[in-house]
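Undergrad: Per this note's numbering: the sequence shown = residues 32 to 219.
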Amino acid sequence: MREADAARRERVAPLENSTQRPIHPLRLCKDLRDVMDRDAILTVDGNEILHFGRQSMPTYVPGHPLNSGPSGCMGVGLPYAIGAKMAKPDKQVVSLHGDGSLGMNVQDFDTAVRHNLPIIIVVSKNEGWAARVEGIRKPGRELGFTRFDKIAEALGGHGELVEDPADLTGALERAFDAGVPAIVNVRK
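(1) How about Glu-79 and Asn-157: are their beta carbons less than 9 Å apart?
(2) Between Tyr-91 and Leu-148, what straight-line distance do the alpha-carbon atoms span, to the nearest angstrom?
(3) Count the other CB atoms, across all protein chains shown, that sit within 10 Å of the CB of Pro-56; report buried if there are 16 or more and exposed otherwise.
(4) Is DSSP giving His-55 helix, strand or coil here?
(5) Which residues does DSSP pair with Gly-129 in a beta bridge?
(6) For Arg-64, which residues of its own chain have a beta-carbon under 8 Å away from its beta-carbon, when the five flanking residues on both sides are left out?
(7) Report all residues from its chain with a CB closer than 7 Å to the CB of Asp-68; omit the five preceding and five following residues, and keep chain order.
(8) For Cys-104 and Asp-195, I'd like the C-alpha separation in whole angstroms.
(9) Taking contact to mean 3 or more Cβ pairs, one atom from each stretch, closer than 8 Å, check whether the stretch 198-208 and the stretch 127-144 are in contact.
(10) So which of Gly-77, Gly-84, Ala-35, Leu-73 has the shortest CA-CA distance to Leu-59?
(11) Where do the N-terminal and C-terminal ends of the alpha helix (DSSP H) with Leu-81 fall, by residue?
(12) Alpha carbon to alpha carbon, how far is Glu-184 from Phe-176?
Printed below as a string of structure tokens:
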């Protein structure tokens, strides 16, 4: 197993360190992993980012990776994060989302603001339902570009848009330091 894990890490290392635009989900996961507390509670929600998050975002405390499971419903990440922060107010709580899944419940960000629950929402924006395959257009897949960061600001939270991988770590650190609920909107 160690050999297989080492081979996998070697295969994904170029993507985790990529400077490509749009930002690859594995680069997003690596940078987030590097700034999160080791005992942070992580919720992961969506389709494409759920799969990348599961393979590259280890958690070290039992019960801390929260998601709906391999065949579960989308839209649970933000509500799970709110519940986790209420249950464990002293822990860092991060919700890694796809744009479609966050769009299902983004209005609950207002709940986090009103109840002073400084959760961090990180959005991997592929601008559509399901994983994007370059060169293939699927009818009804496109979601467009939602400025979730502006929604966060309008509701009294912290919001940032990231389009350059060089800006990702700084944006994540500012979100963690803001002391209010935050959305980091990462254009993938």
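By construction, the Cβ of each residue, glycine as well, lies at the ideal position given by its N, Cα and C atoms.
TA: Let's see:
(1) Here residue 79 refers to the residue found at position 48 when the sequence shown is read from its first residue. Here residue 157 refers to the residue found at position 126 when the sequence shown is read from its first residue. Their beta carbons are under 9 Å apart, which means Glu-79 touches Asn-157 by this criterion.
(2) Within the sequence shown, residue 91 is the residue found at index 60, counting from 1. Within the sequence shown, residue 148 is the residue found at index 117, counting from 1. The straight-line gap from Cα to Cα measures roughly 23 Å.
(3) Working through the sequence shown from its first residue, we reach residue 56 at position 25. For Pro-56, the number of other beta carbons within 10 angstroms of its own is at least 16, and it is reported as buried.
(4) Your numbering for residue 55 matches position 24 in the sequence shown. Here His-55 sits in coil by DSSP.
(5) Reading the sequence shown from its first residue, position 98 is the one you call residue 129. Beta-bridge pairing links Gly-129 to Ser-155.
(6) The residue you call residue 64 lines up with position 33 of the sequence shown. Closer than 8 Å at the Cβ level, and outside the excluded window around Arg-64, lie Ser-87, Met-88, Pro-89.
(7) Residue numbering aside, residue 68 sits at position 37 when the sequence shown is read from its first letter. Hits under 7 Å: Gln-123.
(8) Start at 1 with the first residue of the sequence shown, and residue 104 comes out as number 73. Start at 1 with the first residue of the sequence shown, and residue 195 comes out as number 164. In a straight line, the C-alpha of Cys-104 is about 31 Å away from that of Asp-195.
(9) Too few Cβ pairs lie closer than 8 Å, so no.
(10) The residue labelled residue 59 in the question sits at position 28 within the sequence shown. When only C-alpha atoms are compared, the closest one is Gly-84.
(11) Residue numbering aside, residue 81 sits at position 50 when the sequence shown is read from its first letter. Where Leu-81 is concerned, the enclosing alpha helix (DSSP H) stretches over 79-87.
(12) For the purposes of this step, residue 184 is taken as the residue at position 153 of the sequence shown. For the purposes of this step, residue 176 is taken as the residue at position 145 of the sequence shown. Straight-line Cα distance between these residues: approximately 17 Å.
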